[in-house]
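> Read in order, the letters of the sequence shown are residues 6 to 117 in my numbering.
Heads up, the beta-carbon is just placed ideally off N, CA and C, and yes, glycines get one too.
Note that this is a predicted model, so its numbers are computed, not measured.
Just passing along the structure, written as structure tokens.
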Amino acid sequence: MMIPLISVSVSKRFQGDLENVGAIYGPGAVLIHTGKNCSYGREDIKKALAPFAVPADTKVFDKVIEGTSDHIVYKGGFKTTIKANGAVFEGKFQQIFRKDGDQWLIIYDEFE
């Protein structure tokens with residue numbers, strides 16, 4: 006259950022589908038771009054992710070997934086190559102998902 010959700014998060018983010026990306030964040034979610042900025046709530050998170058929502062190839066590695074009945078922590082490293090210009094970005098990330106009814110929503114998303 007959690008792997009497809011995480012895959013949707015990454016693929017939607019890097020295909021420019023900000024509406025669907027916003028929908029997988031909880032209403033009180035926080036997005037932290039370490040050392041740069043912080044966004045609170047779906048609308049601010051969508052605005053913050055807009056510069057990253059371009060066609061790209063992303064590889065995730067050193068994945069760690071831990072969970073309880075109502076929370077999932079997903080962390081690892083990533084390497085993203087922008088298709089238009091070949092620019093490469095690498096870093097670490099951590100996301101915390103919380104179960105809300107029958108959905109898993111991101112409540113904390115930090116990347117560098």
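Secondary structure at I50, three-state DSSP: helix, strand or coil?
I50: helix per DSSP, three-state reduction.
> Going by other Cβ atoms of all chains shown within 10 Å of its Cβ, with 16 needed for buried, is D114 buried or exposed?
Flag for D114 reads buried.
> Exposed or buried, which one is F102 when buried takes at least 16 other CB atoms within 10 Å?
By the 10 Å Cβ count, F102 comes out buried.
> Buried or exposed for Q108, please, with buried defined as at least 16 other CB atoms from any protein chain shown within 10 angstroms of its CB.
Exposed is the call here.
> Spatial neighbours of G106 within its chain, please: C-beta separation below 7 angstroms, excluding the five flanking residues on both sides.
Nothing listed; no residue qualifies.
> Out of Q100, L110, I37, I112, which has the shortest C-alpha to C-alpha gap to T71?
It is Glu, not Thr, that sits at residue 71 in the sequence shown. With distances taken between Cα atoms, E71 lies closest to Q100.
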